[in-house]
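Taking it in order: structure first as structure tokens, then the write-up.
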Amino acid sequence: MEATELLLNRVSCGKLTEPAPTAEQREVMYRAALRAADHGNLQPWRFLEVEGEGLERLGELYAKAALQDDPNLSDVQRERFRKMPLRAPLVIVAIAKKIEHPKVPHIEQILATGAAAQNLINGAFAVGVGAYWRSGAMAEHPEVKQGLGLEEGEQIIGFIYLGTRSAPLKTAPKPDPADFFHPWPAK
Numbered sequence: 000m001e002a003t004e005l006l007l008n009r010v011s012c013g014k015l016t017e018p019a020p021t022a023e024q025r026e027v028m029y030r031a032a033l034r035a036a037d038h039g040n041l042q043p044w045r046f047l048e049v050e051g052e053g054l055e056r057l058g059e060l061y062a063k064a065a066l067q068d069d070p071n072l073s074d075v076q077r078e079r080f081r082k083m084p085l086r087a088p089l090v091i092v093a094i095a096k097k098i099e100h101p102k103v104p105h106i107e108q109i110l111a112t113g114a115a116a117q118n119l120i121n122g123a124f125a126v127g128v129g130a131y132w133r134s135g136a137m138a139e140h141p142e143v144k145q146g147l148g149l150e151e152g153e154q155i156i157g158f159i160y161l162g163t164r165s166a167p168l169k170t171a172p173k174p175d176p177a178d179f180f181h182p183w184p185a186k
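Under numbering that gives the first Met the number 0, the residue at position 71 of the sequence shown is numbered 70, and the numbers go up by one with no gaps.
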């Protein structure tokens, strides 16, 4: 797939199934992630691969976190949290690491990790793997962070769900660049 075609047509795929990406597909996706723009070449990221039994353990972690937030959580709601990671055969947890540097503020490191996650998703599209990015309350929850072994100064940027597409891709939206890009100073 040509780069321009990929960049103009990539869309998320929320309907995923087995199998997970192959070792060859992962190699491409992971190498793409590591080519993200990165001021100072700090590589302020790390990624966790969650699959197989790990998906069930992540679901238990989500349910435990949700129960902390709401001790009256119903069994149905608890089961919904348990099943969240099971929406794909592979979940990549993208984590930004805070690295002290005199010229690279932490916000740039967070943005670089976001760029790495986006490159991973673009790489997935390029090799025919379905992908979507989730964040939300579980990415911020202290119980989830602790359970995943995050260290001081680390934060979850998102959960990247990866697998085989089980539904046709939607057509990519075509927003007008003129709605978002403006000359400065205005003429």
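No residue lacks a Cβ here, since even glycine has one placed at the ideal position from N, Cα and C.
What number of angstroms, rounded off, separates the C-alpha of residue i from the C-alpha of residue j?
i, j, result
"Ala62", "Glu153", "22 Å"
"Ala114", "Lys186", "32 Å"
"Leu85", "Gly129", "15 Å"
"Val126", "Ala31", "11 Å"
"Gln145", "Glu151", "10 Å"
"Ile159", "Ala177", "30 Å"
"Pro18", "Ile155", "25 Å"
"Arg79", "His181", "44 Å"
"Pro141", "Pro172", "36 Å"
"Phe179", "Thr3", "19 Å"
"Val75", "Asp68", "16 Å"
"Asp175", "Arg77", "42 Å"
"Arg56", "Trp183", "51 Å"
"Pro43", "Arg81", "30 Å"
Report the three-state DSSP secondary structure of residue i (helix, strand or coil).
i, result
"Arg45", "strand"
"Leu164", "Residue identity differs from the one stated: residue 164 is Arg in this sequence, not Leu. Residue state, collapsed to three classes: strand."
"Glu1", "coil"
"Arg133", "strand"
"Gly263", "Here the chain covers residues 0 to 186 and nothing more, so residue 263 does not appear."
"Glu153", "strand"
"Glu26", "helix"
"Gln142", "Rather than Gln, the amino acid found at residue 142 in this sequence is Glu. Here Glu142 sits in helix by DSSP."
"Glu17", "coil"
In chain order, what residues of the same chain have a beta carbon less than 7 Å from the beta carbon of residue i, not counting five sequence neighbours either side?
i, result
"Met83", "Gly58, Tyr61"
"Glu52", "none"
"Arg133", "Gly157, Phe158, Tyr160"
"Ala35", "Ala111, Ala114, Ala115, Asn118"
Spatial neighbours of residue i within its chain, please: CB distance less than 6 Å, with the 5 preceding and 5 following residues excluded, ordered by chain position.
i, result
"Asp37", "Ala111"
"Lys169", "Val10"
"Leu66", "Leu72"
"Ile109", "Ala95"
"Gln24", "Val126, Val128"
Does the Cβ-Cβ distance between residue i and residue j come in under 8 Å?
i, j, result
"Arg45", "Ile98", "no"
"Gly162", "Leu54", "no"
"Met137", "Ala64", "yes"
"Val90", "Val49", "yes"
"Gly148", "Ala116", "no"
"Val143", "Leu41", "no"
"Gly39", "His105", "no"
"Leu47", "Val92", "yes"
Between which residues of its own chain and residue i is the CB-CB distance below 8 Å, once the five residues before and five after are set aside?
i, result
"Cys12", "Gly129, Ala130, Tyr131, Arg164, Ala166, Leu168"
"Asn121", "Leu5, Leu6, Arg9, Ala31"
"Pro20", "Met28, Leu89, Ala123, Val126, Val128, Leu161, Gly162"
Task: Sequence ranges, alpha helix (DSSP H) only - wholly within the region 64 to 128, length at least 4 - done: Given a length threshold of 4 residues, each whole run of the alpha helix (DSSP H) inside the region 64 to 128 is given here in chain order: 74 to 82, 105 to 125.
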